[in-house]
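J.: Let me give you the structure first, and then I'll get to my questions.
Protein chains: 2
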Amino acid sequence: MKRTARLSALALLLLAASIAWAGGMTAPSPNGMTIPEGFENWPVISVSHRVDNHTLRVILGNDIAVEAARGGKTDPWPDGAVLAKVVWKERPEEAWPDAIVPDKLVHVEFMHKDAAKYAGNGTGWGWARWLGPELKPYGADVSVENECIDCHVPVEERDWVYTIPARFP
Amino acid sequence: MKRTARLSALALLLLAASIAWAGGMTAPSPNGMTIPEGFENWPVISVSHRVDNHTLRVILGNDIAVEAARGGKTDPWPDGAVLAKVVWKERPEEAWPDAIVPDKLVHVEFMHKDAAKYAGNGTGWGWARWLGPELKPYGADVSVENECIDCHVPVEERDWVYTIPARFP
């Protein structure tokens with residue numbers, strides 16, 4: 225009986241996901257994370273230019289993340305904080321070639337802070353990436369988080385976040 | 225009589241500006257422009273890295289500017305659009321030295337589009353800059369706009385705007 229209930233719940237979940245997806249929503253990441261609606265209008269936490277892989281980035285935050293960033297309360301980041309990173313290939317600006325500006329969208333990435341919910345992966349953050357303008361979920365299964373985490377090990381002491389909030393007036 | 229009225233109006237204006245300034249607001253630019261409240265939380269139009277003067281930039285927009293940018297309606301930009309540019313000195317990120325990230329705040333700059341109001345300077349935009357975290361108005365008098373405009377002549381055909389909006393998903 226318990227098993228049947230569980231299977232029914234799973235079937236309902238899959239059905240709901242299919243309906244949402246068919247309705248034009250982006251497919252969830254293999255770990256179940258979804259793209260927060262309206263994230264592209266969130267305020268800026270910082271920007272960066274990776275000269276090793278020729279990409280420009282902007283890091284945005286939801287209300288909780290921005291309040292923490294502007295108030296210097298990011299050690300650790302509070303539960304509920306969500307960071308979004310938008311990554312573009314670089315190109316020189318034609319009218320000012322010494323200015324490097326965004327070209328094609330490469331991917332968008334998210335970190336969701338919830339110390340209890342994401343305790344299992346050892347970071348307290350949920351991690352996900354979607355590729356290209358079509359926002360294709362990245363990774364085959366939930367282990368995709370390990371790839372994100374491996375790259376963030378150098379900033380484990382900064383609550384796993386590379387971004388130090390930029391100073392605004 | 226007319227002259228007295230004008231002088232009184234000027235005195236009132238100066239008084240109002242002093243009160244506003246004393247109240248913690250930022251002093252206006254020599255051309256009378258002021259910093260839009262809450263601009264630091266506006267959505268992103270684009271980012272750039274000027275490798276000639278070692279600065280990173282984010283370009284933000286008010287609602288009218290963002291709607292125009294996301295909808296590809298920037299030729300020309302609509303009246304009421306305001307673009308804000310926040311400029312930081314660059315530094316390498318310690319934990320990932322090939323990532324160039326913001327250091328000190330250099331200045332914030334604004335372009336206000338109003339074809340009629342700003343027809344006089346030949347661009348249809350109002351221009352202003354404030355220096356450093358203390359937001360000191362830049363320039364001695366209204367002619368400061370010419371400095372901004374001179375630098376934007378190469379993009380006169382783009383409605384005087386360097387920034388081509390970055391592609392968001």
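These protein sequence lines are chains A and B, in that order. Residue numbers for the first sequence follow our numbering, beginning at 225 and rising by one. Residue numbers for the second sequence follow our numbering, beginning at 225 and rising by one. Idealized CB from N, CA, C, for every residue including glycine. Model, not experiment: these values are computed from the prediction.
1) DSSP state of H278(B), grouped into three classes?
2) Measure the beta-carbon distance from D374(B) to T298(B) and round it to whole angstroms, keeping in mind my assumption that it falls under 8 Å.
3) Around the C-beta of A308(A), are 16 or more other C-beta atoms found within 10 angstroms, so that it is buried, or is it exposed?
4) Run down chain A in chain order and give the residues with a C-beta less than 8 Å from the C-beta of F392(B).
5) Quick check on the burial criterion: 16 or more other C-beta atoms within 10 angstroms. Buried or exposed for N277(B)?
6) Might you give, ordered along the chain, the residues of its own chain that have their beta carbon closer than 7 Å to the beta carbon of M257(A), omitting 5 neighbours on each side?
7) Just checking: is the beta-carbon of D276(B) within a distance shorter than 8 Å of some beta-carbon in chain A?
8) Let me make sure I understand the geometry here. Which of V311(A), A292(A), W312(A), D327(A) has the alpha-carbon closest to that of E318(A)?
9) Identify every run of the beta strand (DSSP E) within the stretch 295-364 of chain A, keeping only runs that are complete inside it and at least 3 residues long; order them along the chain.
10) Mind checking P389(A): buried by the 16 CB within 10 Å criterion, or exposed?
11) Of all Cβ atoms in chain A, is any one closer than 8 Å to the Cβ of E317(B)?
12) Checking contacts by CB at 8 Å: is Y386(B) closer than that to chain A?
13) Would P254(B) and D365(B) be called neighbours here (beta carbons separated by less than 8 Å)?
14) With DSSP as the reference, identify every bridge partner of S270(B), one or two as the case may be.
15) How many angstroms separate the CA atom of M249(A) from the CA atom of A293(A)?
16) With a threshold of 6 Å on Cβ separation, who are the neighbours of C372(A) within its own chain once the five nearest residues in sequence on each side are excluded?
17) What in chain A is Cβ-close to V271(B), meaning under 7 Å?
18) Helix, strand or coil: which one does DSSP assign to I288(A)?
19) Spatial neighbours of V379(A) within its chain, please: CB distance less than 7 Å, with the 5 preceding and 5 following residues excluded, ordered by chain position.
20) Using alpha carbons as the reference points, say which of S270(B), G285(B), P361(B) lies closest to I283(A).
21) Can you tell me which of the three DSSP states D374(B) falls into?
22) State the CB to CB distance for the pair V275(A) and D322(B), rounded to an integer number of angstroms; the pair is presumed to be in contact (CB under 8 Å).
23) For D314(A), I'd like the list of residues in its chain whose CB is within less than 8 Å of its CB, leaving aside the five on either flank, ordered along the chain.
24) How many angstroms separate the CA atom of G304(B) from the CA atom of A289(B)?
25) Given a cut-off of 8 Å on the beta-carbon distance, is the pair R391(A) and P393(B) in contact?
26) Is DSSP giving E264(B) helix, strand or coil here?
27) Quick one: residues in its chain with C-beta nearer than 7 Å to the C-beta of E369(B), no 5 flanking neighbours on either side, listed in chain order?
28) If you measure from the beta carbon of L307(A) to each beta carbon in chain B, is any gap under 8 Å?
29) Between W301(A) and A251(B), what straight-line distance do the alpha-carbon atoms span, to the nearest angstrom?
30) Taking 8 Å as the CB-CB cut-off, is L355(B) touching chain A?
31) My understanding is that G285(B) touches W266(B), with C-beta atoms under 8 Å, so please give their C-beta distance in whole angstroms.
32) Beta-carbon within less than 6 Å of G363(B)'s beta-carbon, same chain only, minus the 5 sequence neighbours each way: which residues are those?
33) Tell me which residues share the same chain as V306(B) and place their Cβ nearer than 8 Å to its Cβ, disregarding the 5 neighbours each side in the sequence.
T.: In short, the structure shows the following:
1) For this step, residue 278(B) is matched to residue 54 along the second sequence. DSSP places H278(B) in coil when its eight states are reduced to three.
2) On the second sequence, position 150 is the one that residue 374(B) refers to. On the second sequence, position 74 is the one that residue 298(B) refers to. About 22 Å separates the CB atoms of D374(B) and T298(B); that is not less than 8 Å, and the two are not in contact.
3) Walking along the first sequence from the start, residue 308(A) turns up at place 84. Counting Cβ neighbours within 10 Å, A308(A) comes out buried, since at least 16 surround it.
4) Numbered from its first residue, the second sequence carries residue 392(B) at position 168. Per Cβ cutoff of 8 Å: E264, V310, L329.
5) As a position in the second sequence, residue 277(B) is number 53, starting the count at 1. By the neighbour-count definition (other C-beta atoms within 10 Å, threshold 16), N277(B) is an exposed residue.
6) Looking up residue 257(A) in the first sequence gives position 33. Cβ within range, chain order: F334, H336, G350, A352.
7) Within the second sequence, residue 276(B) is the residue found at index 52, counting from 1. Cβ-Cβ to chain A under 8 Å: yes for D276(B).
8) Mapped onto the first sequence, residue 318(A) falls at position 94. When C-alpha distances from E318(A) are compared across V311(A), A292(A), W312(A), D327(A), the shortest belongs to D327(A).
9) For the stretch 295-364 of chain A, the continuous beta strand (DSSP E) assignments of 3+ residues that do not extend past its boundaries occur at 306-317, 320-337, 349-355, in sequence order.
10) For the purposes of this step, residue 389(A) is taken as the residue at position 165 of the first sequence. Under this definition P389(A) is a buried residue.
11) In the second sequence, residue 317(B) corresponds to position 93, counting from 1. Interface residue, yes.
12) Taking the second sequence and counting its residues from 1, the one referred to as residue 386(B) is at position 162. Yes, Y386(B) counts as interfacial toward chain A.
13) By one-based count along the second sequence, residue 254(B) stands at place 30. By one-based count along the second sequence, residue 365(B) stands at place 141. Contact: yes.
14) As a working mapping, residue 270(B) is identified with position 46 in the second sequence. Beta-bridge pairing links S270(B) to I283(B).
15) In the first sequence, counting from the first residue as 1, residue 249(A) sits at position 25. In the first sequence, counting from the first residue as 1, residue 293(A) sits at position 69. Taking the straight line joining both Cα atoms gives about 29 Å.
16) The residue labelled residue 372(A) in the question sits at position 148 within the first sequence. Sequence-distant partners of C372(A) (beyond 5 residues in either direction) whose C-beta falls short of 6 Å from its own C-beta, in its chain, are W351.
17) Locating residue 271(B) in the second sequence gives position 47, where the first residue counts as 1. Within 7 Å Cβ-Cβ: V271, L280, V282, P326.
18) What you label residue 288(A) is simply residue 64 of the first sequence in a count that begins at 1. In the structure shown, I288(A) adopts helical secondary structure according to DSSP, grouped into three states.
19) Counting from 1 along the first sequence, the entry for residue 379(A) is found at position 155. Taken in chain order, the residues that qualify are V385, Y386.
20) Residue numbering aside, residue 283(A) sits at position 59 when the first sequence is read from its first letter. Among S270(B), G285(B), P361(B), the Cα nearest to that of I283(A) is on S270(B).
21) Translated into the one-based positions of the second sequence, residue 374(B) becomes position 150. Helix, per DSSP.
22) Taking the first residue of the first sequence as 1, we reach residue 275(A) at position 51. Taking the first residue of the second sequence as 1, we reach residue 322(B) at position 98. Between D322(B) and V275(A) the Cβ distance is about 5 Å, and since that is below 8 Å, they are a contact.
23) Residue 314(A) sits at position 90 when you count from the first residue of the first sequence. Reading off the sequence, residue 314(A) comes out as Glu, not Asp. Beyond the five residues adjoining it in sequence on each side, E314(A) comes within less than 8 Å, by CB distance, of H273, H278, T279, L280, I324, V325, P326, D327 in the same chain, given in chain order.
24) Counting from one through the second sequence, the residue named residue 304(B) turns up at place 80. Counting from one through the second sequence, the residue named residue 289(B) turns up at place 65. Distance from the CA atom of G304(B) to the CA atom of A289(B), rounded to whole angstroms, is 8 Å.
25) As a first step, residue 391(A) is located in the first sequence; it is residue number 167 there, counting from the start. As a first step, residue 393(B) is located in the second sequence; it is residue number 169 there, counting from the start. Taking 8 Å as the cut-off, the beta carbon of R391(A) is found no closer than this to the beta carbon of P393(B).
26) Taking the second sequence and counting its residues from 1, one reaches residue 264(B) at position 40. Helix at E264(B).
27) What you label residue 369(B) is simply residue 145 of the second sequence in a count that begins at 1. Once the five neighbours on either side are set aside, the close Cβ partners of E369(B) are N255, N345, W351.
28) Residue 307(A) sits at position 83 when you count from the first residue of the first sequence. Cβ-Cβ to chain B under 8 Å: no for L307(A).
29) Position 77 of the first sequence holds residue 301(A). Position 27 of the second sequence holds residue 251(B). Going by the C-alpha atoms only, they are around 34 Å apart.
30) To locate residue 355(B), count along the second sequence from 1; it is residue 131. Not one beta carbon of chain A lies nearer than 8 Å to the beta carbon of L355(B).
31) Within the second sequence, numbered from 1, the residue matching residue 285(B) stands at position 61. Within the second sequence, numbered from 1, the residue matching residue 266(B) stands at position 42. That pair is a contact at about 6 Å.
32) Numbered from its first residue, the second sequence carries residue 363(B) at position 139. Within the same chain, G363(B) has close Cβ partners P254.
33) Start at 1 with the first residue of the second sequence, and residue 306(B) comes out as number 82. If we look at V306(B) and ignore the five residues flanking it on each side, its Cβ neighbours are P260, F263, G285, N286, I288, A289, F334, M335, H336, K337.
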